[in-house]
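In what follows, a single structure is set out as structure tokens and then discussed.
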Amino acid sequence: MISQFTLIDDNQYFIVVNKSSNVNFHTEDNVLGIVELVKQQLNYSMLYPVHRLDKMTSGLIIFAKSAAVAAEFGQLFSQRNIEKYYLAVSDKKPKKKQGLIKGDMKKGRNGSYLLLQSNENPAITQFFSFSIAQGVRAFVLKPHTGKTHQLRVAMKSIGAPILGDQRYYPNNHLEIGMLHAWCLRFTLNKVVYDYQADPTWQFNNKLVINWCVKNRKPWLLNWPSQ
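Numbering (my numbering), first residue to last: 10 to 235.
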């Protein structure tokens, strides 16, 4: 059985965990979400999640240990001073191999979101893609905004929906979503923090992990200006 999360760091200000895929953020229908799981298993009566991940998305989540620290993180996120890098895998060839995905998002009747041509309050994502095997492509995604389903919709918009995403790629056979919050970088109280955790997917796991090992520090990629 795959564990629901792995502890990455536990310091005086916050906790960082690596959440597994298919774990809810909040408790639903008596199934514990990641917030309660972390509190119970690490023996904390109160923690403050400062951002969230979809159920299908695995990867790094930060929990502040006080309301004051949570407020500091809130400022970092609102001012876009936290660098986030995600890893996704698709079996489709994208319309373009790298670039910028930008547009407003609109929620449809079925709960799915659409990417629009307008840019009044756009979702903004930069990406690079790399072939890791025949018919398998890795994507490094750098979101500059934090909208619901942003990366899942962005990937679909370039013709490369994420493997395991039953909402935006319903005909694929995987039950585990292949979207992972891979890296976080930020400065808090004049200290630079840098976290990176590889996914624990079973699909092509050796290929993916070997690629991750060879491509550490995605912030060093030649990211174009927005």
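Glycine is no exception: its CB is placed at the ideal position from the N, C-alpha and C atoms.
Computed from a predicted model, the values in this text were never measured in an experiment.
Which whole-angstrom value describes the C-beta separation of residue i and residue j, a residue pair presumed to lie in contact below a C-beta threshold of 8 Å?
i, j, result
"lysine 151", "tryptophan 232", "6 Å"
"glutamate 92", "arginine 194", "4 Å"
"isoleucine 110", "serine 166", "6 Å"
"serine 138", "lysine 106", "5 Å"
"proline 170", "serine 99", "6 Å"
"glutamine 126", "glycine 112", "6 Å"
"valine 78", "tyrosine 22", "5 Å"
"glycine 155", "lysine 101", "Incorrect: roughly 25 Å between the Cβ atoms, too far for contact."
Find out if the Cβ-Cβ distance for the pair residue i, residue j is shorter than 8 Å.
i, j, result
"leucine 183", "leucine 197", "no"
"phenylalanine 82", "isoleucine 43", "no"
"leucine 124", "valine 162", "yes"
"phenylalanine 72", "valine 47", "yes"
"leucine 62", "alanine 190", "yes"
"asparagine 33", "methionine 65", "no"
"alanine 76", "tyrosine 57", "yes"
Is it buried or exposed for residue i, if we count other Cβ within 10 angstroms and need 16 for buried?
i, result
"tyrosine 53", "exposed"
"leucine 16", "exposed"
"alanine 160", "The question names alanine, yet the displayed sequence has leucine at residue 160. The residue is buried, with at least 16 neighbouring Cβ atoms inside 10 Å."
"isoleucine 24", "buried"
"alanine 97", "buried"
"glutamine 88", "exposed"
"aspartate 18", "exposed"
"proline 179", "exposed"
"alanine 132", "buried"
"aspartate 174", "buried"
"valine 26", "buried"
"leucine 188", "buried"
"histidine 158", "buried"
Look up residue i in the DSSP assignment and say whether it is helix, strand or coil.
i, result
"phenylalanine 139", "strand"
"alanine 147", "strand"
"glycine 83", "helix"
"glutamine 50", "helix"
"arginine 194", "strand"
"methionine 187", "coil"
"methionine 10", "The predicted position of methionine 10 is uncertain, since its pLDDT is 45 and thus under 50; no value can be drawn from it."
"valine 59", "coil"
"alanine 169", "coil"
"alanine 132", "strand"
"alanine 73", "strand"
"glutamine 91", "Looking at the sequence provided, one finds isoleucine at residue 91 rather than glutamine. In the structure shown, isoleucine 91 sits in coil (DSSP, three-state: anything other than H, G, I, E or B)."
"glutamine 21", "coil"
"proline 227", "helix"
"valine 98", "strand"
"leucine 109", "strand"
"leucine 124", "strand"
Should residue i be flagged as near chain C, meaning a C-beta pair shorter than 8 Å?
i, result
"leucine 197", "Of the protein chains in the structure, only one exists, and it is not chain C."
Do you know whose CA, among the options, lies nearest residue i's CA?
i, options, result
"glutamine 143", "Tyr57, Val217, Gly42 and Ile24", "Val217"
"leucine 69", "Gln50, Gln126, Gln205 and His35", "Gln205"
"methionine 55", "Leu46, Lys74, Ser121 and Asn39", "Lys74"
"lysine 199", "Gln49, His60, Ser121 and Leu85", "Leu85"
"threonine 209", "His153, Lys102, His158 and Gly186", "Gly186"
"tyrosine 177", "Asp38, Gly117 and Ala80", "Gly117"
"proline 103", "Asn119, Met164, Asn90 and His153", "Met164"
"lysine 215", "Asn20, Asn130, Val145 and Gln49", "Val145"
"valine 222", "Ile141, Asn119, Asn20 and Lys115", "Ile141"
Can you determine whether any heavy atom of the ligand COA sits closer than 7 Å to the C-beta of residue i, and answer yes or no?
i, result
"lysine 48", "In the structure on display, the ligand COA does not appear, and there are no ligands present to speak of."
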